[in-house]
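Structure first, commentary second.
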Amino acid sequence: MQLSLDLISKVELAIQDHDFDKVENILHPMNDADIAELIKDLSLNAKISLIRYLPNAPYILEYLSLEQLQNIVEYLPEDQLLDVISGMHSDNRIDLFQILSAQQQQQIYQQLSPEKQQQIKQLEQYSEESAGALMSSDFVTLSPNLSMNQAIEQLRKVAADRETLYLIYIVDAQNVLLGVISLRQIILADPNQTIADVMTTDLIVGWVDEDQESIANKLSHYDFIALPIVDAQYHLLGIVTYDDATDVVQAETTEDFLKSSAVAASPNMSIKRAPIFSLYKKRVFWLVILVFGSLLSGIGIAHFEDIIAANIVLVFFLPLLVGSGGNAGSQSATLMVRALATGDVQLKDWFYLVGREVLVGLCLGGTMAFAVSILGYIRGDAMVAVVLAISMMGIVLLGCLIGMSLPFILNRLKLDPASASAPLVTSICDATGVVVYLFIASILLGQASL
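Numbers given in our numbering equal positions in the sequence shown, counted from 1, plus 739.
Next comes the structure, spelled out in structure tokens:
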């Protein structure tokens, strides 16, 4: 939601005048996510004052990115920071706790309740990309022996500080996951039935060391609100909710998008607020690498300088041909990176896909060869037209195969296929395209001149 400058100014002035009744009137009809958006645009002093005033500030701040939170919490008084961390859901609490300074962590940790200290200890032990680092401890469990009336009574006692009540997990005395039941099922069931009579035992779970992207894919595939996370002994450790999974998907998509443009940026980096030197560092590495990659094109041109000197018309079509190969390669790479990311294709499909890509490349190359041969005949002669047609066919076909294969190779090497970025594929296709074009020209035009 795009907030108006007038609204932001009104809130800012009301806070400066300590007129929190007016602030309340403005914020009352707003959603928590929109209030968080408003907080981002306030001055630092106004942010601190508003956070202190808002009773549900911890939940509102969960809508901000960690970078935005970090810029706020370093200025919060210790008591206010403690209130924010204590009030957050467990998964957001650990994320915020980890970006604090070591001194802040020590001060805050000692003042947290034993339960929240235990949650932080547990969640800190999992690797950053695992389900364990993403999961929340704010879930509800029930015993299978409870009746529906007893279950509803127990839910009333714990509902206030739990992230979701739509799904309730059934565990035994050792916290082993036995089943799941929805709030709807509890309400609609016979009051005298037990949880064990109604619960679903055919469970889909996530493993605590499973990759976060895999967890997000499970939630999407099964259209779940939340996914229980268990260890090897099937002990219930936490849940991952759909909103957290959505954040993972968005971060992964942003990261792949940045990599596809050869930018080593963080998905959470704000291009508006990032320091100039930081933007420079994120982009310079790949640009330097690609500069040296482009030298291969120069080497190819230097090797065939005699045929170029004898047929200067070849230079006119050089950018057109190598650019076409790079464009075709970028298209193939983009399609294949996406297919690998979604699981649509796997490494074993490579040979099958090569055959399909050859057919597609020949069709594309043939169409473009026909168009460019007409230009070649007009600009040069029939022999130049033949050189251009054959070169275009070969370059486009080669570009398609390079673009398709590079993501597979990187995947095989346990690297991110998104690194097969458009600039990287284009540089490789440019170099090979120059060699193919001038090699064909040297053979055909060289023979024609004999």
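Virtual Cβ for every residue (Gly too), placed ideally from N, Cα, C.
Closest residue to residue i among the options (Cα-Cα distance)
i     : options                       : result
V969  : T1165, L851, M874 and R1151   : M874
F1147 : Y1176, T1106 and G1082        : G1082
G1105 : Q1085, I1129 and E751         : I1129
D756  : L744, M938, N770 and N784     : N784
S876  : W1089, Y1019, H974 and N764   : H974
M1132 : D983, L966, G1119 and V1061   : V1061
I909  : I1028, A984 and P967          : P967
H828  : L1163, N795, L942 and L839    : N795
S1181 : S1166, L1145, A1048 and Q1070 : A1048
N1050 : G1039, S1036 and D1120        : D1120
S1033 : S840, V1164 and L862          : V1164
A890  : Q858, R923, Q864 and Y865     : R923
I754  : K786, V1030 and Q858          : K786
P1058 : I1040, I954 and D758          : I1040
A775  : H960, Y865, Y1019 and S804    : S804
Q864  : M769, L976 and I925           : L976
S1069 : R1022, K779 and S1144         : S1144
D780  : S748, N764 and E763           : S748
Straight-line Cα distance separating residue j from residue i
i     : j     : result
F1043 : V1126 : 15 Å
L1189 : E1096 : Residue placement at L1189 is poorly supported in this model, since its pLDDT is 40, which falls under 50; the coordinates are not used for a value here.
Q846  : Y792  : 23 Å
L1026 : I1141 : 20 Å
Y848  : Q856  : 7 Å
E952  : E806  : 22 Å
I824  : P853  : 14 Å
P816  : E892  : 39 Å
L1053 : W1089 : 35 Å
T880  : K957  : 22 Å
S1036 : I1028 : 14 Å
S1166 : D1045 : 24 Å
K761  : S743  : 17 Å
L1154 : Y814  : 40 Å
D773  : V1173 : 54 Å
L862  : Q844  : 15 Å
I790  : A990  : 27 Å
A1187 : Q1085 : Its pLDDT being 48, under 50, A1187 is placed unreliably in this model, and the value from its coordinates should be taken loosely. So the alpha carbons of these two residues sit roughly 47 Å apart.
L851  : A971  : 30 Å
N770  : I778  : 12 Å
V750  : F1031 : 53 Å
L1137 : N831  : 48 Å
D758  : D818  : 23 Å
V987  : K1087 : 27 Å
In DSSP terms, what residue i is bridged to
i     : result
G945  : I968
S869  : D950
S886  : T933
S1276 : There is simply no residue 1276 to check, as the chain begins at 740 and stops at 1189 in what is shown.
L975  : V969
S804  : For S804, which the question treats as bridged, DSSP gives no partner whatsoever.
L777  : Beta-bridge pairing links L777 to no other residue.
V915  : H974
T1106 : According to DSSP, T1106 bridges with nothing at all.
T939  : V919
CB contact check: residue i to chain B, cutoff 7 Å
i     : result
I1117 : Chain labels in this structure do not include chain B; a single protein chain is all it has.
Beta carbon of residue i nearer than 7 Å to that of residue j
i     : j     : result
V919  : L906  : yes
I1135 : S1063 : The displayed chain sequence assigns Val, not Ile, to residue 1135. Contact: yes.
L821  : V812  : no
T980  : A965  : yes
G1065 : C1139 : no
Tell me, please, whether the segment 884 to 895 touches the segment 932 to 952 by the rule of three or more beta-carbon pairs shorter than 8 Å. The answer is yes - the segment 932 to 952 touches the segment 884 to 895, with three or more Cβ pairs under 8 Å.
Can you find at least 3 beta carbon pairs, one from the segment 856 to 875 and one from the segment 907 to 927, that sit closer than 8 Å? no
Is the segment 791 to 803 close to the segment 825 to 839, with three or more CB pairs under 8 Å? yes
Counting beta carbon pairs with one atom in the segment 1068 to 1078 and one in the segment 1116 to 1124, are three or more of them shorter than 8 Å? no
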